[in-house]
Structures are given as structure tokens and as C-alpha cells.
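Here is the structure we will look at.
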Amino acid sequence: MRKLVAIIIVLQFGGVLAQDPTPDLLERFLVRPDLIMRHQRALQLTEEQREYMIGEVQRAQSDFTSLRWNLQGTVEKLATLMREPETNDDELLAQLDQVLDLERKIKRAQLILAVRIKRKLTKEQIVRLERLPRRQQNRRDQNRRRSQPRTDRLP
Numbered sequence: 000m001r002k003l004v005a006i007i008i009v010l011q012f013g014g015v016l017a018q019d020p021t022p023d024l025l026e027r028f029l030v031r032p033d034l035i036m037r038h039q040r041a042l043q044l045t046e047e048q049r050e051y052m053i054g055e056v057q058r059a060q061s062d063f064t065s066l067r068w069n070l071q072g073t074v075e076k077l078a079t080l081m082r083e084p085e086t087n088d089d090e091l092l093a094q095l096d097q098v099l100d101l102e103r104k105i106k107r108a109q110l111i112l113a114v115r116i117k118r119k120l121t122k123e124q125i126v127r128l129e130r131l132p133r134r135q136q137n138r139r140d141q142n143r144r145r146s147q148p149r150t151d152r153l154p
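Letter by letter, the sequence shown follows residues 0 to 154 of the numbering used here.
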């Protein structure tokens with residue numbers, strides 16, 4: 000019984016600790032390049048802004064591709080080590096550190112790209128961009144409500 004309680008406690012705390020508030024904060028204060036690309040007319044991007052953003056995204060995409068390939072290979076090696084019945088702890092942890100380092104580099108590159116792109120937008124463009132997802136989210140919510148059967152009516 001004690002083991003069961005201990006497992007439940009670990010799972011409960013694991014779920015709490017696994018919830019990372021960072022993505023929500025980043026999404027709130029940074030802009031996604033794909034949103035700018037999709038709404039470039041509504042944002043009234045200048046040609047200079049457009050060319051700058053294309054260049055930044057292309058440079059970042061090259062870095063992302065290399066980092067993702069490296070990450071995949073490193074994750075595969077970690078998985079192989081974890082499958083072995085008797086794995087050396089130091090070797091396993093060293094491999095995990097490599098995975099985490101590559102993930103950190105990817106997140107850092109994403110952050111830098113988002114900051115550089117946001118710097119090129121005017122305050123008015125940022126306000127327009129912030130309003131776009133809310134308006135789209137409201138439309139999705141309305142469509143969901145319309146498509147769900149009404150439960151307040153009796154047959």
C-alpha cells in the first residue's frame with residue numbers, strides 16, 4: 000500500500016513539475032514568423048520588412064535543420080543506451096546532457112529569430128498581429144458551438 004501511495008505522489012508531482020509556463024510567456028510576448036507571413040497584407044509590411052524577415056527565417060531554417068538532424072541522432076543514441084539491460088549511468092547521463100544541450104540551442108535560435116522579427120515591426124503592426132489570433136480563436140469557438148448538438152432542447 001505504501002508503494003502505491005508513493006507512486007501516486009510521484010506521478011502527481013511529476014505532472015505538476017512537467018508543466019512549463021515558459022511557452023505561454025514566450026507566445027504572449029513574441030510573434031511567430033508564420034503568422035506574420037500569413038497576414039503580411041493585413042499588417043501592411045513594407046518591402047524592407049518583408050525582405051529582412053525572409054532573410055532571417057532562411058538563416059534560422061538552415062540552423063534548425065542542422066540542429067534537428069543532430070538532435071535526432073543524439074536521441075536515437077540515448078534510446079539505444081536506455082534499452083541496454085546494464086547501462087553505465089555516467090554514459091547515459093552524458094548522452095542526456097547532449098540531448099538537452101541541443102534542445103537548448105534550438106529554443107535559443109527560435110527565441111532569437113522571434114525577437115529579431117518583432118524588432119522590425121512597428122507598434123501598430125504588433126497590435127494588429129496580437130488581435131488576429133484572438134479574432135480567429137473566437138471564430139473557431141463560435142463554429143464549435145454551432146456544430147455541437149444543443150442539449151437544452153428536449154426531443
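Beta carbons are placed, not taken as given, at the ideal position from N, Cα and C, and that holds for glycine.
- prompt: Counting along the chain, where does the alpha helix (DSSP H) carrying glutamine 199 start and finish?
  reply: Residue 199 lies beyond the range of the chain shown here (0 to 154); nothing can be said about it.
message: Can you find the residues in the same chain that come closer than 7 Å, C-beta to C-beta, to leucine 42, ignoring five residues on each side of it along the sequence?
response: Numbered from 1 along the sequence shown, position 43 holds the residue referred to as residue 42. Closer than 7 Å at the Cβ level, and outside the excluded window around leucine 42, lie Ile35, Gln124, Arg127 and Leu128.
query: Could you give the distance in angstroms between the alpha-carbon of serine 61 and the alpha-carbon of aspartate 88?
result: Numbered from its first residue, the sequence shown carries residue 61 at position 62. Numbered from its first residue, the sequence shown carries residue 88 at position 89. Roughly 34 Å between the two C-alpha positions.
- prompt: Would the beta-carbon of leucine 101 fall within 9 Å of that of valine 30?
  reply: Here residue 101 is taken as the residue at index 102 of the sequence shown, counted from 1. Here residue 30 is taken as the residue at index 31 of the sequence shown, counted from 1. No, the pair does not count as a contact, with Cβ atoms beyond the cut-off.
field: Coil, strand or helix - glutamate 75 by DSSP
entry: Here residue 75 refers to the residue found at position 76 of the sequence shown. If DSSP states are grouped into helix, strand and coil, glutamate 75 belongs with the helices.
task: Give the range of the alpha helix (DSSP H) segment to which leucine 29 is assigned.
output: Here residue 29 is taken as the residue at index 30 of the sequence shown, counted from 1. Careful: leucine 29 lies outside any alpha helix (DSSP H) and carries neither H nor E.
query: Just reading off the alpha helix (DSSP H) that leucine 120 is part of, what are its end residues?
result: Translated into the one-based positions of the sequence shown, residue 120 becomes position 121. Here leucine 120 belongs to no alpha helix (DSSP H), and DSSP marks it neither H nor E.
- prompt: Thinking just about the alpha-carbon of each residue, which of Leu131, Arg115, Val98 and Lys117 is nearest to the one in tryptophan 68?
  reply: In the sequence shown, the residue the question calls residue 68 occupies position 69. Considering only alpha carbons, the answer is Val98.
field: Spatial distance of glutamine 109 from aspartate 96 (CA atoms)
entry: Start at 1 with the first residue of the sequence shown, and residue 109 comes out as number 110. Start at 1 with the first residue of the sequence shown, and residue 96 comes out as number 97. Roughly 20 Å separates the two Cα atoms.
message: Residues in the same chain with beta-carbon distance under 6 Å from glutamine 48, minus the five sequence neighbours each way, listed in chain order, please.
response: Walking along the sequence shown from the start, residue 48 turns up at place 49. Excluding residues within five positions, the ones whose Cβ falls inside 6 Å are Lys119.
query: On the three-state DSSP scale, how would you describe valine 15?
result: Along the sequence shown, one-based indexing puts residue 15 at 16. Caution is warranted here: a pLDDT of 42 is assigned to valine 15, below 50, making its placement in the model unreliable, and no coordinate value can be reported.
- request: State the DSSP-derived secondary structure class of threonine 86, mapped to helix, strand or coil.
  value: Numbered from its first residue, the sequence shown carries residue 86 at position 87. Reduced to three states, the DSSP call for threonine 86 is coil.
field: Nearest-angstrom Cβ-Cβ length linking methionine 52 and isoleucine 111, presumed shorter than 8 Å
entry: On the sequence shown, position 53 is the one that residue 52 refers to. On the sequence shown, position 112 is the one that residue 111 refers to. Contact flag wrong, Cβ pair sits at about 14 Å.
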